[in-house]
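Protein chains in written order, with full-length UniProt numbering: chain A, 1 to 341; chain B, 1 to 341; chain C, 1 to 341.
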Amino acid sequence: MDRKTKSGLSRRSMLAGTAAGVLAPVVVAGAGATPAAAAGQARNITLYADTVAGTTRVGYGLEPGKPTIPGPLLECYEGDTLVIELVNRTDQRLSIHPHGVNYETTSDGSPLNNSFNEPYETKTYTWKTRTASQAANGFWMPGSAGYWHYHDHALGGDHGTAGLMKGLYGGLIVRKRGDLLPSKQFTVVFTEMWINHQMAPDTPIFEANLGERVEFICIGHGNLMHTFHLHAHRWADTRTGMLTSATDNASIVDNKTLDPGCSFGFQVIAGSGVGPGAWMYHCHVQQHSDDGMSGLFLVREADGGMPPGAQDAIDHFKGHHHPTAKPEGSTDAAASAHMHH
Amino acid sequence: MDRKTKSGLSRRSMLAGTAAGVLAPVVVAGAGATPAAAAGQARNITLYADTVAGTTRVGYGLEPGKPTIPGPLLECYEGDTLVIELVNRTDQRLSIHPHGVNYETTSDGSPLNNSFNEPYETKTYTWKTRTASQAANGFWMPGSAGYWHYHDHALGGDHGTAGLMKGLYGGLIVRKRGDLLPSKQFTVVFTEMWINHQMAPDTPIFEANLGERVEFICIGHGNLMHTFHLHAHRWADTRTGMLTSATDNASIVDNKTLDPGCSFGFQVIAGSGVGPGAWMYHCHVQQHSDDGMSGLFLVREADGGMPPGAQDAIDHFKGHHHPTAKPEGSTDAAASAHMHH
Amino acid sequence: MDRKTKSGLSRRSMLAGTAAGVLAPVVVAGAGATPAAAAGQARNITLYADTVAGTTRVGYGLEPGKPTIPGPLLECYEGDTLVIELVNRTDQRLSIHPHGVNYETTSDGSPLNNSFNEPYETKTYTWKTRTASQAANGFWMPGSAGYWHYHDHALGGDHGTAGLMKGLYGGLIVRKRGDLLPSKQFTVVFTEMWINHQMAPDTPIFEANLGERVEFICIGHGNLMHTFHLHAHRWADTRTGMLTSATDNASIVDNKTLDPGCSFGFQVIAGSGVGPGAWMYHCHVQQHSDDGMSGLFLVREADGGMPPGAQDAIDHFKGHHHPTAKPEGSTDAAASAHMHH
Numbered sequence: 001m002d003r004k005t006k007s008g009l010s011r012r013s014m015l016a017g018t019a020a021g022v023l024a025p026v027v028v029a030g031a032g033a034t035p036a037a038a039a040g041q042a043r044n045i046t047l048y049a050d051t052v053a054g055t056t057r058v059g060y061g062l063e064p065g066k067p068t069i070p071g072p073l074l075e076c077y078e079g080d081t082l083v084i085e086l087v088n089r090t091d092q093r094l095s096i097h098p099h100g101v102n103y104e105t106t107s108d109g110s111p112l113n114n115s116f117n118e119p120y121e122t123k124t125y126t127w128k129t130r131t132a133s134q135a136a137n138g139f140w141m142p143g144s145a146g147y148w149h150y151h152d153h154a155l156g157g158d159h160g161t162a163g164l165m166k167g168l169y170g171g172l173i174v175r176k177r178g179d180l181l182p183s184k185q186f187t188v189v190f191t192e193m194w195i196n197h198q199m200a201p202d203t204p205i206f207e208a209n210l211g212e213r214v215e216f217i218c219i220g221h222g223n224l225m226h227t228f229h230l231h232a233h234r235w236a237d238t239r240t241g242m243l244t245s246a247t248d249n250a251s252i253v254d255n256k257t258l259d260p261g262c263s264f265g266f267q268v269i270a271g272s273g274v275g276p277g278a279w280m281y282h283c284h285v286q287q288h289s290d291d292g293m294s295g296l297f298l299v300r301e302a303d304g305g306m307p308p309g310a311q312d313a314i315d316h317f318k319g320h321h322h323p324t325a326k327p328e329g330s331t332d333a334a335a336s337a338h339m340h341h
Numbered sequence: 001m002d003r004k005t006k007s008g009l010s011r012r013s014m015l016a017g018t019a020a021g022v023l024a025p026v027v028v029a030g031a032g033a034t035p036a037a038a039a040g041q042a043r044n045i046t047l048y049a050d051t052v053a054g055t056t057r058v059g060y061g062l063e064p065g066k067p068t069i070p071g072p073l074l075e076c077y078e079g080d081t082l083v084i085e086l087v088n089r090t091d092q093r094l095s096i097h098p099h100g101v102n103y104e105t106t107s108d109g110s111p112l113n114n115s116f117n118e119p120y121e122t123k124t125y126t127w128k129t130r131t132a133s134q135a136a137n138g139f140w141m142p143g144s145a146g147y148w149h150y151h152d153h154a155l156g157g158d159h160g161t162a163g164l165m166k167g168l169y170g171g172l173i174v175r176k177r178g179d180l181l182p183s184k185q186f187t188v189v190f191t192e193m194w195i196n197h198q199m200a201p202d203t204p205i206f207e208a209n210l211g212e213r214v215e216f217i218c219i220g221h222g223n224l225m226h227t228f229h230l231h232a233h234r235w236a237d238t239r240t241g242m243l244t245s246a247t248d249n250a251s252i253v254d255n256k257t258l259d260p261g262c263s264f265g266f267q268v269i270a271g272s273g274v275g276p277g278a279w280m281y282h283c284h285v286q287q288h289s290d291d292g293m294s295g296l297f298l299v300r301e302a303d304g305g306m307p308p309g310a311q312d313a314i315d316h317f318k319g320h321h322h323p324t325a326k327p328e329g330s331t332d333a334a335a336s337a338h339m340h341h
Numbered sequence: 001m002d003r004k005t006k007s008g009l010s011r012r013s014m015l016a017g018t019a020a021g022v023l024a025p026v027v028v029a030g031a032g033a034t035p036a037a038a039a040g041q042a043r044n045i046t047l048y049a050d051t052v053a054g055t056t057r058v059g060y061g062l063e064p065g066k067p068t069i070p071g072p073l074l075e076c077y078e079g080d081t082l083v084i085e086l087v088n089r090t091d092q093r094l095s096i097h098p099h100g101v102n103y104e105t106t107s108d109g110s111p112l113n114n115s116f117n118e119p120y121e122t123k124t125y126t127w128k129t130r131t132a133s134q135a136a137n138g139f140w141m142p143g144s145a146g147y148w149h150y151h152d153h154a155l156g157g158d159h160g161t162a163g164l165m166k167g168l169y170g171g172l173i174v175r176k177r178g179d180l181l182p183s184k185q186f187t188v189v190f191t192e193m194w195i196n197h198q199m200a201p202d203t204p205i206f207e208a209n210l211g212e213r214v215e216f217i218c219i220g221h222g223n224l225m226h227t228f229h230l231h232a233h234r235w236a237d238t239r240t241g242m243l244t245s246a247t248d249n250a251s252i253v254d255n256k257t258l259d260p261g262c263s264f265g266f267q268v269i270a271g272s273g274v275g276p277g278a279w280m281y282h283c284h285v286q287q288h289s290d291d292g293m294s295g296l297f298l299v300r301e302a303d304g305g306m307p308p309g310a311q312d313a314i315d316h317f318k319g320h321h322h323p324t325a326k327p328e329g330s331t332d333a334a335a336s337a338h339m340h341h
């Protein structure tokens, strides 16, 4: 998977996945270790909406027949334009609706504006981005930079509820020039009682080596209130998750509300000040974590080795049994027990 | 309605309304296109609490017998004092309790402090505001500026729950000198499964022309968690919704948690970078938007004309049927199905 | 209680409590009116986990047999290390897990990492703190300063749910040098339908004199969404709850979402601009405040006298009857009615 996509974009890194069909590659559009010189130009990306084999789930993917849940992590710099060609390979109406970027009504992704793909239809959605612009009296209208996301807004209804439940969502990052780039990226989506459409012990084990700069993109969907908590690491409640000076008065958090449609992101230095090990991330709503909204951030030794105790922790985690709600589309009949509250 | 109130305050703009009784005028107290020179003086406002004709709803209004839900949008600058004469024209105990401003216990609006209007009683509530004040070591105690709100705190109980359910709430803005003034203002209140006590397709269609500076005041009430999402526009998670420099590191959002008692506001340039059209605003809790917590932000052409496709979108929206929960006080018997979760 | 603890730490102030067993002393570790010169050194604190006599509740305390709910408020400066010796005096597995600070997997407090106290076992947990550190391009990785908390992560399960329901939680403050110090501190924990494991009228009455600098530490736990509202006072949505200049564009709030695992804090000048009196603090979710999530912030006259009307307000408050859900461990059989939603 370490190759170029047909659109000429390089994949910088791969998200950890625990099962076929939930692997989410990163698409760098105008960003990356070697940022494109030609920022502000249109970048073409083709996404395929496909049913996940053997299930009723549907995901976005970079290749036909290879949907991932969450979908590919898309990235660009302020000023770039993303031209998304969405190939609908399913027999259902669906769309792609982004947060944070500019689009005309024809790229809204909503049935309201007649913007969606009919079954087996291919359609193009154009997303533009821009920098902050000066208003008056010292105020600036914000640019597009942020940790955003995209999702279906048309499957089974006007708001994409059925599409979200099936897995049609992914992360979207718009950076400012000068933003720090991570070496690993993890997209974490809380939907109903699932993390990336999985429950513990099948939730992702995100891996990094001690000292690596790691980026989390956290997205909320569905109907429930959640809070994202990461053990032994913390971030600033700002656009970048970092401060801009030693005296920056922004709040520092390690637990943040992640309600439906919200998203945030941050970078941490894996294991900094705490050492390597298997660190929990989980929803801090107690019933949710107890029922399976929990996963691992495995910080390996700097050389990639397994730190003391980490394998035991993984075994402990994998030994968990969460007999309750299974996600939509699982083969288990008790699929949607927790879908509504 | 383009006239002076008895208190000498001009109404700068009118909130879009879809039905008689839900129109909410703006009261500018010391603010407006021609800010009063005499900031810091007391401004007198008379509000009338009235039953909305033919319903069990109750709203605040600027004229007797003309309640609106939400109530009038009140505004002032830091330093101003608002003297609110509340005329209770109902047969129930009620009050007015503000967020964000200063008041003595006698203006608390709470039964705890014996501060409320008996049936048919008139009572005066005094709200003061102030600028930030220097503390020590570079820290400042905050002033009153913000996007706030007011609501009943006495009808049917000690916390005003019944008053909120009936419609006794409104927006309150305290500005700093130099804050940018909008040409349109929209108050959006999420209470239970309603927006401004309506469900789609009866929720407000807010209108502006391309390029107008528009201000949203978002308020949460009731018992449910909500998130406010606006399509194709975004704002900074700051006091003003704007940044203070091109490198300001504040988060940019287009979807924000709007839990009970919380409020925030922001300004956008209507259609900037995305063009005119019918843009959705909705709660991003899927069940909520599916059940009717959705409305339209109609951005017309710069000359006020209807943009291509917008009428189709409005027709699509109006064709929605949400047969489930109706708000408190509607003539439908299924009134309060979603009031508690 | 105005004496030194065995670890040599002075108690700066006492939290108001309304019943034996819910008194929460403040432990100042390297902070306080006379900040320790030797910041950066390890501070030793012994905590005892004990059953609250006559109940099934369990709390952390500074002395054996004297648990408090919430537990002692722990404080330090960035750079300090807290060495927590936890003495488990119960017959159940339990632990202590902090937010915001650094710890190795052996001090994680989680069963995942085999970090907990067996019944009647004593174990040491080490928490380190640090200042912000410069990254690149003007960005700084955050330090440890913040309003944090600690809680059990092992009683009855992998996430400490049963421990939290029994009362195993407390506040933790990490300050920066130069942060303003308060003269009173109040820890407010919202868990299920309780405030500090009490329902009105047994919730805390926090007391201060007019003009005193008062600090609130607000913590959310359990399974429900909450919002914390304080009457007649407000704060900035920043690390300190204050601004850093007169033009600081941070949001000012008096009502803030307090979801499980989240925490924030702020300082106010008691009664400033509003006068003394009995001011309500409560969850602004209407059903929650109606059912007992409400308490009083009693601002006395500057000389400590009872202000006019305040005793009436207290009597009014104490006369409330909330016949519904009682907290876990109360003698009432209807103990856990509202524990899950």
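Even glycine gets a Cβ: it sits at the ideal position worked out from N, Cα and C. On a predicted model such as this, the values are computed, not experimentally measured, just so you know.
- When secondary structure is reduced to three states using DSSP, MET165 of chain C falls in the helix class.
- Excluding its 5 nearest sequence neighbours in each direction, GLY211 of chain B has C-beta neighbours in its own chain below 8 Å: ILE269, ALA270, GLY271, SER272 and ALA302, listed in chain order.
- For ASN223 of chain A, the residues of chain B that pass the 9 Å Cβ criterion are VAL285, GLN286, GLN287 and HIS288, in the order they occur in the chain.
- A distance below 6 Å between beta-carbons, with the five flanking residues on each side excluded, links THR126 of chain A to the following residues of its chain, in chain order: VAL83 and SER107.
- In the structure shown, PRO182 of chain B adopts coil according to DSSP, grouped into three states.
- Rounded to the nearest angstrom, the gap between the Cα atoms of THR191 of chain B and PRO142 of chain B is 28 Å.
- In this chain, the alpha helix (DSSP H) harbouring GLN311 of chain B covers 310 to 318.
- GLY265 of chain B and ARG239 of chain C have their alpha carbons spaced roughly 21 Å apart.
- A straight line joining the alpha-carbon of CYS218 of chain C with that of GLY65 of chain A spans about 49 Å.
- Excluding sequence positions up to five before and after VAL87 of chain B, its CB lies within less than 6 Å of the CB of TYR48 and THR122, all in the same chain and listed in chain order.
- By the rule that beta-carbons nearer than 8 Å mark a contact, LEU180 of chain C does not touch chain A.
- The beta-carbon of LEU168 of chain C is placed no less than 8 Å from the nearest beta-carbon of chain A.
- If you look at SER272 of chain C, you'll find it isn't in any alpha helix (DSSP H); DSSP assigns it neither H nor E.
- Under the Cβ distance rule, LYS318 of chain B does not count among the residues neighbouring chain C, no pair being separated by less than 8 Å.
- For HIS149 of chain B, no alpha helix (DSSP H) run applies; the uninterrupted beta strand (DSSP E) run containing it begins and ends at 146 to 151, by DSSP.
- Shown here, GLN287 of chain B sits in a helix according to DSSP, grouped into three states.
- Annotation for MET293 of chain B: PHE190, MET193, TRP194, ILE195, MET199, ALA200, THR203, HIS226, HIS282, CYS283 and VAL285 place their beta carbon closer than 8 Å to its own, counting only its chain and skipping 5 residues before and after.
- At a cut-off of 8 Å between beta carbons, ASN249 of chain C contacts chain B.
- Comparing C-alpha distances from GLY305 of chain B to each of B:PHE297, B:TRP140, B:ALA208 and B:GLY261 shows the shortest one belongs to B:ALA208.
- Straight-line spacing of the CA atoms in HIS288 of chain B and HIS229 of chain B works out to 12 Å.
- Contiguous alpha helix (DSSP H) elements confined to the UniProt domain "Plastocyanin-like" (69 to 177) of chain A occur at 161 to 166, taking only those with 4 or more residues.
- Comparing alpha-carbon positions, the option among C:GLY61, C:ALA310 and C:PRO260 lying closest to LEU224 of chain A turns out to be C:PRO260.
- A Cβ-Cβ contact shorter than 8 Å links LYS184 of chain B with VAL214 of chain B.
- If you draw a straight line from the Cα of HIS221 of chain A to the Cα of LEU74 of chain A, it is about 18 Å long.
- For LYS256 of chain A, no CB of chain B lies under 8 Å from its own CB, so it is not counted at the interface with that chain.
- With contacts defined by Cβ atoms closer than 8 Å, VAL174 of chain A and VAL101 of chain A form a contacting pair.
- The residue from A:GLY160, A:ASN137, A:TYR169 and A:TYR147 with its alpha-carbon nearest to that of ASP179 of chain B is A:ASN137.
- As the crow flies, the alpha-carbon of ASN114 of chain C is around 18 Å from that of THR90 of chain C.
- Between SER245 of chain C and the set B:TRP140, B:LEU258 and B:MET165, the nearest pair of CA atoms involves B:TRP140.
- Within the stretch 119 to 132 of chain C, those residues whose Cβ lies closer than 8 Å to any Cβ of chain A are, in chain order, LYS128, ARG130, THR131 and ALA132.
- Chain-ordered, the chain A residues with CB closer than 7 Å to the CB of MET141 of chain C read MET242 and ILE269.
- Of the candidates A:PRO111, A:TRP148 and A:THR129, A:PRO111 places its Cα closest to the Cα of PHE317 of chain B.
- B:GLU85 is the residue among B:TRP235, B:GLU85, B:THR257 and B:SER95 whose C-alpha sits nearest the C-alpha of ARG43 of chain B.
- DSSP places GLU63 of chain C in no beta strand (DSSP E); its state is neither H nor E.
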